[in-house]
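Here the structure is laid out as structure tokens; the discussion comes afterwards.
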Amino acid sequence: GALLALNKPPGLPILGEWISGDLSLSVLLPSLKRRLGLNAELHVVKAPTRECSGLILLSSCHRTTEQLQRFFTDARRRGQYPVTYHAVTVGVPAEAEGEIHTGLHWQQQGDTVTVVPVSVPGPRSLAKKEVKSTLTRYQVLGAASGCALLQLQPKTGECPPKYLPIFCPSAQSQCPTHFSLAFPGQLLVHLTLLLCPALGDHQYSSRVGRVLGVPFLLPPEATGTRTQVLDEELLGRLGLSPWQLRHLPVHLHLQQLVLP
């Protein structure tokens with residue numbers, strides 16, 4: 006069967022239906038299938054979350070899809086890093102490379118549910134899967150004007166299930182990152198723990214405060230979702246006005262997938 010790699014723009018969800026009125030990859034796949042002259046339906050093997058850009062891996066063969074998803078799961082268990090992201094961050098990490106290792110769990114905050122780090126998760130919460138142990142390896146690839154380009158490799162996180170047909174309506178209500186090896190929000194939250202949130206992160210960047218230009222970490226309970234705050238110099242370099250900033254997409258890109 007066919008194995009295809011596409012480049013997804015930020016903001017495009019993987020799952021969706023015509024009835025919702027929103028454009029999604031699942032809505033576009035039938036047209037792609039016809040244009041390529043394929044007989045079988047296309048399935049998603051690997052894809053970044055809605056807010057991220059980057060590689061989408063598609064397959065028209067059920068067996069190939071299962072084999073590749075098994076490969077990604079086995080690679081994670083062997084301690085390998087088959088998935089690589091690039092991120093532009095506001096701030097430069099103190100160390101040029103390292104690992105971020107913390108627990109993550111969902112927490113209700115008002116009307117929304119957000120991802121919160123747990124520095125020392127207890128064995129019971131891990132066993133009951135209330136908290137997921139997560140790890141991300143990072144390396145600074147370059148830095149300029151108070152920003153950095155980082156390579157990110159998540160090793161732990163949710164295992165992808167048996168392949169999901171892209172047209173499964175019930176998948177809409179499930180976790181939108183079934184096709185990712187990382188816990189939902191893992192990379193964005195881990196970057197805040199480095200005090201270097203991703204550029205365009207309007208969900209978690211408020212957890213990093215500044216006093217006299219020095220960043221510090223705020224407790225998640227004291228922060229909420231808001232448009233990322235950037236200084237005037239960076240806004241000028243980006244050519245953005247403050248009211249245009251809320252439309253700035255998150256600069257987190259699925260750069261590379263290692264295949265068997």
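Just so we're aligned: the sequence shown equals residues 6 to 265 in my numbering.
From the three backbone atoms N, C-alpha and C, an ideal C-beta is built for every residue, glycine too.
*Do you know how far the Cα of Pro-126 is from the Cα of Ser-200?*
Looking at the sequence shown, residue 200 is not Ser but Leu. Looking at the two C-alpha atoms, the distance is approximately 21 Å.
*Please work out which residues of its chain come closer than 6 Å, Cβ to Cβ, to Thr-197, disregarding the five sequence neighbours upstream and downstream, and give them in chain order.*
Tyr-209, Arg-212 and Val-213
_Since Ile-19 and Val-49 should fall inside the 8 Å C-beta cutoff, what is the C-beta to C-beta distance between them, to a whole number of angstroms?_
6 Å
*Measure the beta-carbon distance from Ala-101 to Val-145 and round it to whole angstroms, keeping in mind my assumption that it falls under 8 Å.*
5 Å
_Inter-residue spacing [alpha-carbon to alpha-carbon] between Ser-65 and Phe-188_ = 26 Å
*Between which two residues does the alpha helix (DSSP H) harbouring Phe-188 extend?*
Neither: Phe-188 is in no alpha helix (DSSP H) and is coded neither H nor E.
*Output the residue ranges of the beta strand (DSSP E) runs that lie fully inside the segment 46-97 and measure 3 residues or longer, sorted by chain position.*
48-51, 58-64 and 88-95
*Take the Cβ of Cys-164 as the centre, count every other Cβ of all protein chains shown within 10 Å, and call the residue buried at 16 or more, exposed below.*
With a pLDDT of 39 at Cys-164, under the threshold of 50, the modelled position of this residue cannot be trusted, and the question is left open.
*Can we say the segment 132-145 touches the segment 229-241, given the rule of at least three CB pairs closer than 8 Å?*
no
*Around the C-beta of His-258, are 16 or more other C-beta atoms found within 10 angstroms, so that it is buried, or is it exposed?*
buried
*Where does the unbroken beta strand (DSSP E) through Ala-10 begin, and where does it stop?*
8-13
*On the three-state DSSP scale, how would you describe Ala-203?*
strand
*Taking the C-alpha atoms as reference points, what is the distance between Gln-72 and Leu-8?*
12 Å
*Measuring CA to CA, which of Gly-241, His-110 and Ala-148 is closest to Ser-130?*
His-110
_With H, G and I counted as helix, E and B as strand and the rest as coil, what does DSSP make of Phe-184?_
Residue placement at Phe-184 is flagged as unreliable, the pLDDT there being 39, under the threshold of 50; the coordinate-derived value follows with that caveat. Correct three-state label for Phe-184: coil.
*My understanding is that Pro-122 touches Thr-107, with C-beta atoms under 8 Å, so please give their C-beta distance in whole angstroms.*
5 Å
*Assign Lys-133 to one of two classes, buried (16 or more other C-beta atoms within 10 Å of its C-beta) or exposed (fewer than that).*
exposed
*Opening and closing residue of the alpha helix (DSSP H) in which Gly-241 lies*: 237-243
*Nearest to His-67 by alpha carbon, out of Arg-83, Asn-44 and Gln-85?*
Asn-44
*Straight-line CA distance for Trp-248 to Leu-240?*
11 Å
_Measuring only the C-alpha atoms, how far is Lys-13 from Gly-218?_
35 Å
*Just the Cα atoms here: how many angstroms apart are Asp-116 and Thr-70?*
37 Å
*Buried or exposed for Gln-112, please, with buried defined as at least 16 other CB atoms from any protein chain shown within 10 angstroms of its CB.*
exposed
*Starting from Lys-160, follow the beta strand (DSSP E) in both directions and report where the run begins and ends.*
No beta strand (DSSP E) contains Lys-160, which DSSP labels as neither H nor E.
_Taking the straight line between their C-alpha atoms, what separation do you get for Gly-190 and Pro-220?_
21 Å
*May I ask you to report which of helix, strand or coil DSSP gives Ser-138?*
strand
*My guess is that Val-88 and Pro-159 are in contact by the Cβ rule of under 8 Å, so how many angstroms apart are they, rounded?*
6 Å
*Under 8 Å by Cβ, that's how I've got Leu-155 and His-91 pegged, so tell me the actual separation to the nearest angstrom.*
7 Å
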